[in-house]
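Enquirer: Dropping a structure here in structure tokens format, bear with me for questions.
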Amino acid sequence: MNLQFPDKIANYRRLPCLDGLRCISVLLVLIAHSEDVSHYPAALAKITRWVPPGTTGVQAFFVLSGFLITFLLLKEKLKHGNVSLKLFYIRRALRILPAYVAFLIIIGIIAAFAPLAISGSSWFALITYLVNFMEVPKIAEHVWSLSVEEQFYLLWPFLFWLFLVKSEQTRKAFYVLLIPVVLGPICRHLGSLDEHSVLFGEKSFFTHFDSLAYGCLLAFAFGFRAKCVETVMENRKWPVFIGALLLIFIPHLLIVVEKLEVITTPLASSFSAFGIALLVGFVLFHPRFFAVSWLEWKPVALIGVWSYSIYLWQQIYCSPPESYGFNGSPRFLVFPYWLAPVFATSITSYYLVEKPFLRLKSKVGTRK
């Protein structure tokens, strides 16, 4: 198979509008976690229950991660004829670890002075990114999704190198990506049969690895079926856009009204991941389309740029006040005021912690 990207995205240094999708994703997480915060209005809860849940926001992060990692690996393969796993892991470390280490230090300080207890096994899970298989306090529960991504980063680049660099077996790499697409629903079904399952629990790598695979497959479609993708995206604009939205929303609505649970339990995530992948492809081809052009508005894109920090730090402010030694809920931990310290902390973290290392990443992680 020949590797060639569609003209519309071949020369992107930074893929525009994807920051807008990150904004939507992290806002879905904030909406979901607001329900855990004191003074969240019951009337608002009746409305937001119809909005795709925070897990859909996390799923969008998974799809985006799978797509971007594979897209960048394919571009490197196209330009250099191979990929550097060493530089890949340097880039990932400089992108992820600085803010994460800062987060661990802060919750360690909190635990030292508050009733919050973080056990040795919890610290082990946090340091090794095994939170999706082990128990940790609520203040760090959200790290499960970062654990899923880290496990993906350990596995997929090596498989990419094995099948697309060392042996040039593109078709086998495609089949490897189909494995999680097929097994994902099966794993979720097995998890639904045993709510205490560790291997197939709702935070397990095996119940979410298909979302990452859909993103990888989208990048493969762009790289190895460029003409076909261009034809579909240009000539079937409305069907693709509406189909993507239906795939994202309908499974969630069926879950809300408790219909077809036998189907929605294992397959809702599959449908929405496929829908998100279609939407990602659509906005890359049609960033000026009236229904998605707002994704590039500066305030929206900026929240997307901050999204990793927002996701990382928000959990501190939606954890039970009792874990910090408060008898009641101080104003900065109630809805909607809790969002102010979330954004203040996240923006500070981005500019003081993340950005210096992102500059370093652009210098030491780029091939000449």
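Heads up: take any position in the sequence shown, counting from 1, add 1390, and you land on the numbering used here.
C-beta atoms are modelled at their ideal positions from N, C-alpha and C, and glycine is treated no differently.
Decide if Ala1433 is buried, meaning its Cβ has at least 16 other Cβ atoms within 10 Å, or exposed.
Expert: Counting from 1 along the sequence shown, the entry for residue 1433 is found at position 43. Exposed.
Enquirer: Less than 8 Å between the CB atoms is what I'm expecting for Ile1414 and Gly1444, so what's the real figure, rounded?
Expert: Locating residue 1414 in the sequence shown gives position 24, counting from the first residue. Locating residue 1444 in the sequence shown gives position 54, counting from the first residue. Actually they are not in contact, since the Cβ atoms of Ile1414 and Gly1444 sit about 12 Å apart, beyond 8 Å.
Enquirer: What residue range does the alpha helix (DSSP H) around Val1619 cover?
Expert: Position 229 of the sequence shown, counting from 1, holds the residue named residue 1619. Its alpha helix (DSSP H) spans residues Ala1616 to Asn1625.
Enquirer: Hey, is the stretch 1523 to 1535 in contact with the stretch 1493 to 1506, meaning 3+ C-beta pairs nearer than 8 Å?
Expert: Yes, since at least three Cβ pairs between the stretch 1523 to 1535 and the stretch 1493 to 1506 fall closer than 8 Å, the two stretches touch.
Enquirer: Is it right to say Gly1471 is buried, meaning 16 or more other beta carbons lie within 10 angstroms of its own, or is it exposed?
Expert: Numbered from 1 along the sequence shown, position 81 holds the residue referred to as residue 1471. Exposed, since its Cβ has fewer than 16 Cβ neighbours within 10 Å.
Enquirer: Among all the DSSP beta bridges, which residues are the ones paired with Ser1424?
Expert: Locating residue 1424 in the sequence shown gives position 34, counting from the first residue. DSSP, once it has assigned bridges, lists no residue as partnering Ser1424.
Enquirer: In chain order, what residues of the same chain have a beta carbon less than 7 Å from the beta carbon of Phe1516, not counting five sequence neighbours either side?
Expert: Start at 1 with the first residue of the sequence shown, and residue 1516 comes out as number 126. The residue asked about is misnamed: residue 1516 is Leu in this sequence, not Phe. Result list for Leu1516: Leu1494, Val1526, Ala1530 and Val1533, in chain order.
Enquirer: Report buried or exposed for Pro1720, applying the criterion of at least 16 other Cβ atoms within 10 angstroms of its Cβ.
Expert: As a first step, residue 1720 is located in the sequence shown; it is residue number 330 there, counting from the start. So Pro1720 ends up on the exposed side.
Enquirer: Do the stretch 1673 to 1683 and the stretch 1584 to 1598 make contact, defined as three or more Cβ pairs closer than 8 Å?
Expert: Counting Cβ pairs under 8 Å, fewer than three are found: no touch.
Enquirer: Give me, in chain order, the residues of the same chain whose beta-carbon lies closer than 8 Å to that of Trp1703; leave out the 5 immediate sequence neighbours on both sides.
Expert: Taking the sequence shown and counting its residues from 1, the one referred to as residue 1703 is at position 313. Answer for Trp1703: Phe1493, Val1732, Thr1735, Ser1736 and Ser1739, listed in chain order.
Enquirer: Drop a sphere of 10 angstroms on the beta-carbon of Arg1412, count the other beta-carbons inside from all chains shown, and report buried for 16 or more, exposed for fewer.
Expert: Residue numbering aside, residue 1412 sits at position 22 when the sequence shown is read from its first letter. Burial call: buried.
Enquirer: According to DSSP, which residues form a beta bridge with Val1724?
Expert: The residue you call residue 1724 lines up with position 334 of the sequence shown. According to DSSP, Val1724 bridges with Ser1428.
Enquirer: What's the C-alpha gap between Ile1638 and Leu1567?
Expert: One-based indexing of the sequence shown puts residue 1638 at position 248. One-based indexing of the sequence shown puts residue 1567 at position 177. Looking at the two C-alpha atoms, the distance is approximately 21 Å.
Enquirer: Grab the span of the alpha helix (DSSP H) containing Gly1581 for me, first residue to last.
Expert: Reading the sequence shown from its first residue, position 191 is the one you call residue 1581. Here the alpha helix (DSSP H) through Gly1581 covers Thr1560 to Leu1583.
Enquirer: In this structure, how does DSSP classify Pro1656 when only helix, strand and coil are distinguished?
Expert: Counted from its first residue, the sequence shown places residue 1656 at position 266. Reduced to three states, the DSSP call for Pro1656 is helix.
Enquirer: Can you give me the Cβ contacts of Phe1553 inside the same chain, cut-off strictly under 8 Å, excluding the 5 residues immediately before and after it?
Expert: Start at 1 with the first residue of the sequence shown, and residue 1553 comes out as number 163. Cβ within range, chain order: Gln1559, Thr1560, Lys1562, Ala1563 and Val1566.
Enquirer: Please look up how many angstroms separate the CB atoms of Ala1609 and Phe1725, rounded, as I've assumed it's under 8 Å.
Expert: Walking along the sequence shown from the start, residue 1609 turns up at place 219. Walking along the sequence shown from the start, residue 1725 turns up at place 335. Between Phe1725 and Ala1609 the Cβ distance is about 38 Å, and since that is not below 8 Å, they are no contact.
Enquirer: Which residue's Cα is closest to the Cα of Val1448: Val1416, Leu1589, Val1521 and Thr1460?
Expert: For the purposes of this step, residue 1448 is identified with residue 58 of the sequence shown, where counting begins at 1. It is Val1416 whose Cα lies nearest to the Cα of Val1448.
Enquirer: Does DSSP put Pro1547 in a helix, a strand or coil?
Expert: Position 157 of the sequence shown, counted from the start, is the residue given in the question as residue 1547. It is helical.
Enquirer: Taking all protein chains shown into account, decide if Phe1542 is buried (16 or more other Cβ within 10 angstroms of its Cβ) or exposed.
Expert: Translated into the one-based positions of the sequence shown, residue 1542 becomes position 152. Label assigned to Phe1542: buried.
Enquirer: Decide if Asn1717 is buried, meaning its Cβ has at least 16 other Cβ atoms within 10 Å, or exposed.
Expert: The residue labelled residue 1717 in the question sits at position 327 within the sequence shown. Asn1717 should be labelled exposed.
Enquirer: Using alpha carbons as the reference points, say which of Arg1404, Ile1486, Thr1655 and Leu1602 lies closest to Leu1462.
Expert: Taking the first residue of the sequence shown as 1, we reach residue 1462 at position 72. For the residues Arg1404, Ile1486, Thr1655 and Leu1602, the minimum Cα distance to Leu1462 belongs to Arg1404.
Enquirer: Can you tell me whether DSSP reads Leu1692 as helix, strand or coil?
Expert: Sequence index remark: in the sequence shown, residue 1692 carries index 302 (1-based). In this structure, Leu1692 counts as helix in the three-state DSSP scheme.
Enquirer: On the three-state DSSP scale, how would you describe Thr1756?
Expert: In the sequence shown, the residue the question calls residue 1756 occupies position 366. Thr1756: coil per DSSP, three-state reduction.
Enquirer: Between Asp1409 and Ser1662, what straight-line distance do the alpha-carbon atoms span, to the nearest angstrom?
Expert: Taking the sequence shown and counting its residues from 1, the one referred to as residue 1409 is at position 19. Taking the sequence shown and counting its residues from 1, the one referred to as residue 1662 is at position 272. Near 19 Å, if we compare the C-alpha coordinates of Ser1662 and Asp1409.
Enquirer: Which stretch, first to last residue, makes up the alpha helix (DSSP H) that contains Lys1467?
Expert: The residue labelled residue 1467 in the question sits at position 77 within the sequence shown. Here the alpha helix (DSSP H) through Lys1467 covers Gly1444 to His1470.
Enquirer: Taking the C-alpha atoms as reference points, what is the distance between Leu1520 and Ser1537?
Expert: Translated into the one-based positions of the sequence shown, residue 1520 becomes position 130. Translated into the one-based positions of the sequence shown, residue 1537 becomes position 147. Leu1520 and Ser1537: Cα-Cα distance of roughly 6 Å.
Enquirer: Once you ignore the five residues that flank Lys1476 on each side, which residues in its own chain have a CB closer than 6 Å to its CB?
Expert: Numbered from 1 along the sequence shown, position 86 holds the residue referred to as residue 1476. Hits under 6 Å: none found.
Enquirer: Would you decide whether Thr1756 is buried or exposed? Buried here means 16 or more other CB atoms lie within 10 Å of its CB.
Expert: Counting from one through the sequence shown, the residue named residue 1756 turns up at place 366. Thr1756 is exposed by the Cβ-count criterion.
Enquirer: For a test of the three-state rule: what should DSSP assign to Leu1607, helix, strand or coil?
Expert: One-based indexing of the sequence shown puts residue 1607 at position 217. Leu1607: helix per DSSP, three-state reduction.
Enquirer: With a Cβ-Cβ cutoff of 8 Å, do Thr1460 and Cys1606 count as a contact?
Expert: Sequence index remark: in the sequence shown, residue 1460 carries index 70 (1-based). Sequence index remark: in the sequence shown, residue 1606 carries index 216 (1-based). The answer is yes: Cβ separation under 8 Å.
Enquirer: At a cut of 8 Å, does the stretch 1656 to 1676 reach the stretch 1626 to 1645 through at least three beta carbon pairs?
Expert: Contact between the stretch 1656 to 1676 and the stretch 1626 to 1645 is present, because at least three Cβ pairs lie under 8 Å.
Enquirer: Would you kindly work out how many angstroms separate the C-alpha atoms of Tyr1430 and Lys1556, rounded to a whole number?
Expert: If you number the sequence shown from 1, residue 1430 lands on position 40. If you number the sequence shown from 1, residue 1556 lands on position 166. Those two C-alpha atoms are separated by around 54 Å.
Enquirer: Taking only the alpha-carbon atoms, compute the straight-line gap between Phe1523 and Thr1621 and give it to the nearest angstrom.
Expert: As a working mapping, residue 1523 is identified with position 133 in the sequence shown. As a working mapping, residue 1621 is identified with position 231 in the sequence shown. So the alpha carbons of these two residues sit roughly 42 Å apart.
Enquirer: Ignore the nearest five residues each way along the sequence and tell me which others in Ala1435's own chain have a CB closer than 8 Å to its CB.
Expert: Counting from one through the sequence shown, the residue named residue 1435 turns up at place 45. Here the set comprises Glu1425.
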